[in-house]
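**Student:** The structure that follows is given in the form of structure tokens.
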Amino acid sequence: MDTSLVISYAVPYDIHKFGLLPNGNFEYGPKQSELKGTVVTNPHAIPNWEISGFVEYIKSGQKQGDMLLVVPEGGFAVRLGNEASIKQKLKVKKGGFYSITFSAARTCAQEETLNVSIIPTLRKDTGE
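Under our numbering, the letters of the sequence shown match residues 1395 to 1522, in that order.
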């Protein structure tokens, strides 16, 4: 893995009714049986999230060799490898205003790109 990005989310999505995004700071992690070292092995291992690609679950203060892995906010974060992704589905109200904020930190000197996508769906039966 040449590059990586560590991400910590905190997304208020109807703060008056629901509060912050469920498990937004990755405070609930995968079970030990769903980890190979720090690598998450199950796409649904992190509660409320779905992952793909090379994703690590790290805690604040953790080191990889001599390198300290930065956790931008809170006690835990995910480290995304090349082409990795993490997503969560939210039920929102049409016409509502929502704010998405997150913290990210690079673990290497190379330039990084982070893509954030919002994909609407219209399924009324599942709330997606």
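Every residue gets a Cβ at the ideal spot worked out from N, C-alpha and C, and that includes glycine.
Values in this document were obtained by computation on a predicted structure and should not be read as measured data.
What is the C-beta distance between Ile1452 and Thr1432, in whole angstroms, given that I count them as a contact (C-beta under 8 Å)?
**Tutor:** Indeed they touch by this definition, with Cβ atoms about 6 Å apart.
**Student:** Using the rule of at least 16 other Cβ atoms within 10 Å of the residue's Cβ for burial, across every protein chain shown, is Ile1440 buried or exposed?
**Tutor:** Counting Cβ neighbours within 10 Å, Ile1440 comes out buried, since at least 16 surround it.
**Student:** Please report how far the alpha carbon of Leu1463 lies from the alpha carbon of Val1434, in whole angstroms.
**Tutor:** Between Leu1463 and Val1434, the C-alpha separation is close to 16 Å.
**Student:** What residues in its chain sit with their C-beta under 8 Å from that of Gly1447, if we drop five residues either side in the sequence?
**Tutor:** Correct list, in chain order: Leu1474, Gly1475, Asn1476, Glu1477, Ala1478, Ser1479.
**Student:** Three-state secondary structure (DSSP) at Tyr1407?
**Tutor:** Note that Tyr1407 scores 45 on pLDDT, short of 50, meaning its location in the model is unreliable and no value can be drawn from it.
**Student:** Are Phe1470 and Phe1420 touching if we call contact CB-CB under 8 Å?
**Tutor:** Their beta carbons are under 8 Å apart, which means Phe1470 touches Phe1420 by this criterion.
**Student:** Start and end of the beta strand (DSSP E) containing Leu1474?
**Tutor:** Run containing Leu1474: 1470 to 1474, per the beta strand (DSSP E) assignment.
**Student:** Just to confirm, are Asn1442 and Pro1416 a CB contact at a threshold of 8 Å?
**Tutor:** In contact: Asn1442 and Pro1416 (Cβ atoms closer than 8 Å).
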